[in-house]
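Engineer: So the sequence lines, in the order shown, correspond to chains A and B. Residue numbering for the first sequence follows the working numbering, beginning at 1 and increasing consecutively. Residue numbering for the second sequence follows the working numbering, beginning at 1001 and increasing consecutively. Idealized CB from N, CA, C, for every residue including glycine. The structure is given below, and queries will be raised subsequently.
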Amino acid sequence: MTSSARHPSLARAALAVALAALGVTACGNYSNDDLEFVNAVPDSQDLTSDLPARPASTPVTAESELSRATHDASRTFNFMLDVVLRVLDAVRADKPASGDGRTRVWGPRAAAEHPGWDSRFTVTRTAPKTFTYLLEFRSDADPTGSWLTMLTGMFEASTGARRGTGSLHASTHDLREAGFSFDANNNLATMDLDYATGAFPVTADMTLATFVDPSMDLVNTSSVECHYAVASTGAGALGYGWTTAMNQTLAVNARWLPSGAGMATATVASGGGAGMTQTECWDASFRATYNDKPWSPTEDLGDPSTCPAISAP
Amino acid sequence: MSARGRSTTLLVAFVAATLALDATARAQALHRFAVVVGNDTGGMDTRPLLYASADARKVLDILTRLGGVRSEDATLLVGATAAEVVAALAKVGGQAAEAARRGEKTALYFYYSGHAKDGALRMGETQLAIGELKARVAAAPVDVRIAILDSCRSGAMARSKGARKAPAFEIEADGPAREAKGMVILTSSASDEDSQESDTIGGSYFSHHLASGLLGGADRSGDGRVTLFEAYAYAYDRTVADTADSAAGAQHPTFSYDLAGNGDLVLTDVAARHEGVYFPREAPSGVYFLVDRAGFVAAEINKSEGVDRRVALAPGRYRVKRRLPDRLRVGELDVGAGRLVSFEEARLHDAPFSDDPVKGPGRVDLGARWSLGAGATYQSVFAAPGGASLFPTVGLIAVELALRDFLRRDWVLGVDLAAGSSSGTVTAVAAPFRFTELSAAASVSAEWPTRRGFVPFVGARFALLLMTRSFSGNSYPGQFFATLSPGVTSGLAWHASRRLALVARGRLHYLLYNVDGNRSLGYWELASMVSYDF
C-alpha cells in the first residue's frame, strides 16, 4: 500500500532536536579515579579510639582510676583527631573542582566554618599507589597572597577503602598569626600522626602539642604522645602519658575487650613512686576488679585472676 | 423552411425528446438498493488499511444523497464478517424481490473496499471468495447489478464469459437511450495489480476518483448527471495518472459489463439536488482539490478550459486548492444546505506549498494506534575502563508507550522508561557500591508485518541515562552520571492475538563517558516485553 510520509514537519523537528541534543555533553562525578584520590585522605572513623563508654549504671566515682584516665585520654585523642580530620571529611564530600591524571584539587572555595578565608585541598599521585596531600587557607582580604598550609600528609594504599599506611602533620601556628580563628576549646599547636590501616592491628601514633594559652602567646606548648591500636577481634589498646593530681607523670598502657572489660599498667616516669608500676583491671561496667598500686597499697583490691586475658593488639 | 416543415421538425424533436426523457425517466425510476462494505482489517497476515472504512462511508453518502438510493434501502457494513455481508445481500435480495412483485424495476449497487488476497475478500479473520460474491450478486433478483471492488487484484472478479476488460470508453452521447439490464463490474485494479491508498488524499486512489467523478467531476456531457460510463472513464484516467509513479506501480481499474442493450445508467444526479459548488466555464482550468474540515480531500475535480462543472458536495466548509508550478492558489467556500455556491477565482489567494490545506493541522489521523507494553531488560556496558568496576551489568524493568502509523505507515514512535539496580565493587579501592540506573528514551522503528503474526522491526533510539552509585557505610560520597545515548534497536514481535504481542529486541548504544577523561563506550541490551494494542 502507498506509504507516503505523514507529518513530515514534525519528523524534521524531532530529528533537529535529537541532533542538537547530541551536542550536549554528559555530566557527573562518576569516577573510579576520584575514588583513588579520595582514598588517600584519612577518615576520622578509621582511626578513632573505640573504647566503650562508661555505662550510666556506673557512677563516675565508682569507675576504676585507670579506666577513667583512659576514657579521658581516649576522648582527647578522638577530639584532636576530629579537629584535624573533620576538615578533610568536608572536603571529601564533594567532587574535585579540577584535576588531571596526577592531581585532584578541591577549591579554592569559601571555608564555611571560617568566614573570610578560602580553602584549597590538593591530592597528588606521586606513584601508582602513593599520594601526598596538602590543605591550605588564604584570607579573602588578600586574594593574591600566599596560601598558608595547615596540613600536609602522605598515604600509600594497599587494598580496601583507605587501607594502607600514612602520615600527616598539622600546624596552626602560621594561621593563628594571620588571624585565622579556631574554636575556643581548640588549642592545637601541632599534630603529627602516623597510621597503618592496611591490616590488623590498625595503629595510630599521635604526637600532640597544644598551646598553653593561645590567646596569650603562640610559644608555650605542652605535648603528649598517644599510641592507639585495634585488633581484628575489636580489642583495643591505648598508650598515653598522664599527669596525676599528685604531679606524677605516668606512662599508661591500657587494653580492653569489645565489652569494655580491660586492664591498664601505669609506670611512674617522674614524681612520687618513680619507676613503680600500677596494674588495674576492670569489668565491663568499668568497676575495678583488681588494683595493685605500690605507692598507695591501701587502694589495692581484688585478685589478678579477675583480669581479662588480653594480649596487646 | 416552410411552416409545415417546421412543424414536422418540431414534432420529431418532441418525440425524440419524449423518448429520451421517457428512457431517462425509466432509468431514474429504478428502485435502487445498495450494500456498501468497508473493512480495514484483513487478518493477521495483512497490514491494517487506513481508509477502507472511510471510503465506504463516502460512497454510501454519495449513493444516498445523489444516487437515488433511499436510506432504508442502503446497508453499510463496516468491519463486518463475510457471513454478515452474505446475509446483507440475501436481505436486499428479498427486498428487491418484493419490489419486483410490485412491478418496479430494481438495481443493486454492491461496493467493497478492503483487503483481498488469494482470490477472496478478507474481512477481519473471515473470507468471502470472489467467485462466490460474484455468483451471489449475479443471482440477486434485480434488473441491474453494479459491483464495485476496491481491493488488490480485484480485476480477477471481471474474468468471466462475456465480460471484457475495457479500460476506456467513448461515451455514446448521441445514441438512443435504451434500458440496460444485466451486470456491471468495476474493479480498482487489474488482476495482477495492487490497489493503493494515499495518505495525501486520505483514501484509496480509485474510490477517491470514483467519488469525485460521481460528485460531478465526471459529468463530461455537462447535463448534470453522471453516468456509469462517465464515472468509470473519469476514475480510470485519474487513477492511472496518480499511480503511474508510485512505488507499487501503475494501477489500472477494470470495467466489465454484461448488459442487455447499450444504455448508460445514470448513477448520480448532481443537478437535481442543487447543492454544492459550481465552477463556471471561465474559471481557470486545472485540478481543484476540495478539502473538508478534517483535512481530507472530499473531491478532486479536473476542470477543462471553457467547461463548467458542478460538484454536489455535502453542506459544510471546504478549503479549495489549485496547484500551480510555483505556488498554490487557496481559498475557502461555505456550502449551505440547498445552496449551489459559485466558485470565484478572485476569492483565492496565493500560498506557499508549505501551507497546503491537504496536509494542514487538525487533520484526523485515521489508523494511528497506541500500544502499551511492559517488560524486562538486561544491560551490559562494554569497553569501559575498569569494566564492571565502573558500570556493572544491570537488570531493568521497563514500560513503553508506542504509536503506530502516525509519522508513516508501519512506522512506530515509542517512548520508554526503565529503572533498575545492581551492585558492584571498585576493585582499585575494594569499595562495594550499589548501582542504580534510570533511563528515558524515545525511538522510531520501521516494521514489516509477515505471515503468522511475526513482525520484525529495526529502528533508532535516543536515551537519557541517569546512573548513580552509593558506597556502603558512606565510605565515599555518592556519585552520579547523566548522558544522552544514541543507539539502534532491532527485534521481532509476535502477535499472539489482534491486540496482544510478545516482543523480543536487542539494542546497541553509544555512550560518551567524560569524567575520567573522554572515552567512547557502548552498551548492549536484550529486552523482552508484552505489548497490548488499544
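Keeping to the same chain, check which residues put their C-beta closer than 6 angstroms to that of R163 of chain A; ignore five residues upstream and five downstream.
Structural biologist: T197, G198
Engineer: Under 8 angstroms between beta-carbons, which chain A residues line up against D1516 of chain B? List them in chain order, please.
Structural biologist: S31, N32, D33, D34
Engineer: Is the CB of F1481 of chain B under 9 angstroms away from at least one CB in chain A?
Structural biologist: yes
Engineer: In chain order, what residues of the same chain lie with their CB nearer than 7 angstroms to the CB of D283 of chain A, ignoring the 5 residues before and after it?
Structural biologist: A261, T289
Engineer: Between which two residues does the alpha helix (DSSP H) carrying F1229 of chain B extend?
Structural biologist: From DSSP, the alpha helix (DSSP H) with F1229 of chain B extends over 1228-1243.
Engineer: Mind checking L1267 of chain B: buried by the 16 CB within 10 Å criterion, or exposed?
Structural biologist: buried
Engineer: Note down the Cα distance separating N1518 of chain B from S31 of chain A, rounded to an integer number of angstroms.
Structural biologist: 12 angstroms
Engineer: Could you name the residues of the same chain whose beta carbon sits closer than 8 angstroms to that of T1046 of chain B, not counting the 5 residues immediately before and after it, in chain order?
Structural biologist: H1115, K1117, R1122, P1449
Engineer: Beta-carbon of S1475 of chain B versus every beta-carbon of chain A: anything under 9 angstroms?
Structural biologist: yes
Engineer: Between A1097 of chain B and L1089 of chain B, what straight-line distance do the alpha-carbon atoms span, to the nearest angstrom?
Structural biologist: 12 angstroms
Engineer: For W1524 of chain B, which three-state DSSP category applies?
Structural biologist: strand
Engineer: Run through the DSSP bridge pairs and tell me what I1148 of chain B is partnered with.
Structural biologist: B:Y1111, B:L1186
Engineer: Please compile the residues from chain B whose C-beta is within a distance smaller than 7 angstroms of the C-beta of T159 of chain A.
Structural biologist: Residues of chain B whose Cβ lies closer than 7 angstroms to the Cβ of T159 of chain A are, in chain order, A1430.
Engineer: Using a Cβ cut-off of 7 angstroms, pull out every chain B residue sitting near V38 of chain A, in sequence order please.
Structural biologist: Y1476
Engineer: Run through chain B and tell me which residues come within less than 9 angstroms of A93 of chain A, C-beta to C-beta.
Structural biologist: P1477
Engineer: Pull the bridge partners of L1511 of chain B from the DSSP assignment, please.
Structural biologist: B:L1521
Engineer: Should S215 of chain A go down as buried or exposed, given a rule of 16 or more other Cβ atoms within 10 Å for buried?
Structural biologist: exposed
Engineer: Quick check: what's the CA-CA separation for A1241 of chain B versus H1208 of chain B?
Structural biologist: 13 angstroms
Engineer: Is the beta carbon of L1049 of chain B less than 9 angstroms from the beta carbon of V1085 of chain B?
Structural biologist: no
Engineer: Answer with buried or exposed for D34 of chain A, where buried requires no fewer than 16 other C-beta atoms within 10 angstroms of its C-beta.
Structural biologist: buried
Engineer: Taking the continuous beta strand (DSSP E) assigned at K1303 of chain B, which residues delimit it?
Structural biologist: 1297-1303
Engineer: Between the region 1030-1045 of chain B and the region 1073-1080 of chain B, can you find at least three pairs of beta-carbon atoms closer than 8 angstroms?
Structural biologist: yes
Engineer: Within a Cβ cutoff of 8 angstroms, which residues of the same chain sit near G1249 of chain B, ignoring the five residues on either side of it in sequence?
Structural biologist: For G1249 of chain B, where only same-chain residues beyond five positions count, the Cβ hits under 8 angstroms are E1193, D1194, T1243.
Engineer: Alpha carbon to alpha carbon, what distance is there between V1092 of chain B and R1026 of chain B?
Structural biologist: Unreliable positioning characterises R1026 of chain B in this predicted model, as indicated by a pLDDT of 44, which lies under 50. A coordinate reading is not provided.
Engineer: When the Cα of P201 of chain A is compared with those of A:P52, A:A312, A:T126, A:H169, which residue comes out closest?
Structural biologist: With distances taken between Cα atoms, P201 of chain A lies closest to A:A312.
Engineer: Mind checking if V1364 of chain B is an interface residue toward chain A, Cβ cutoff 9 angstroms exclusive?
Structural biologist: In this prediction, V1364 of chain B scores a pLDDT of 40, lower than 50, which makes its location untrustworthy; the coordinate-derived value is nonetheless stated afterwards. Not flagged as an interface residue toward chain A: V1364 of chain B, since no C-beta distance is shorter than 9 angstroms.
Engineer: Which of the residues in the region 1488-1514 of chain B, read from start to end, lie with their CB under 9 angstroms from any CB of chain A?
Structural biologist: L1511, L1512, Y1513, N1514
Engineer: Can you look up Y30 of chain A in the DSSP assignment and give me helix, strand or coil?
Structural biologist: coil
Engineer: Count the other CB atoms within 10 Å of the CB of M191 of chain A; is the residue buried (16 or more) or exposed (fewer)?
Structural biologist: buried
Engineer: What do you reckon, are the CB atoms on R1319 of chain B and L1333 of chain B nearer than 9 angstroms?
Structural biologist: yes
Engineer: Taking contact to mean 3 or more Cβ pairs, one atom from each stretch, closer than 8 angstroms, check whether the region 1454-1461 of chain B and the region 1431-1444 of chain B are in contact.
Structural biologist: yes
Engineer: Just tell me which of B:G1103, B:L1186, B:A1501, B:G1124 has its CA closest to the CA of A1374 of chain B.
Structural biologist: B:A1501
Engineer: Pick out whichever of A:A73, A:D50, A:A93, A:S285 has its Cα sitting closest to the Cα of S1475 of chain B.
Structural biologist: Measuring from the Cα of S1475 of chain B, the nearest candidate turns out to be A:A93.
Engineer: Considering only residues of the same chain and omitting the five flanking positions on each side of K1359 of chain B, which have a CB-CB separation below 8 angstroms?
Structural biologist: Any reading at K1359 of chain B needs caution, since the residue's pLDDT is 46, under 50, leaving its predicted position unreliable; the model's value is listed next. Cβ within range, chain order: T1200, G1295.
Engineer: Flag C307 of chain A as yes if its beta-carbon sits less than 9 angstroms from any beta-carbon of chain B, otherwise no.
Structural biologist: no
Engineer: Does Y1476 of chain B come out as helix, strand or coil in the three-state DSSP assignment?
Structural biologist: coil
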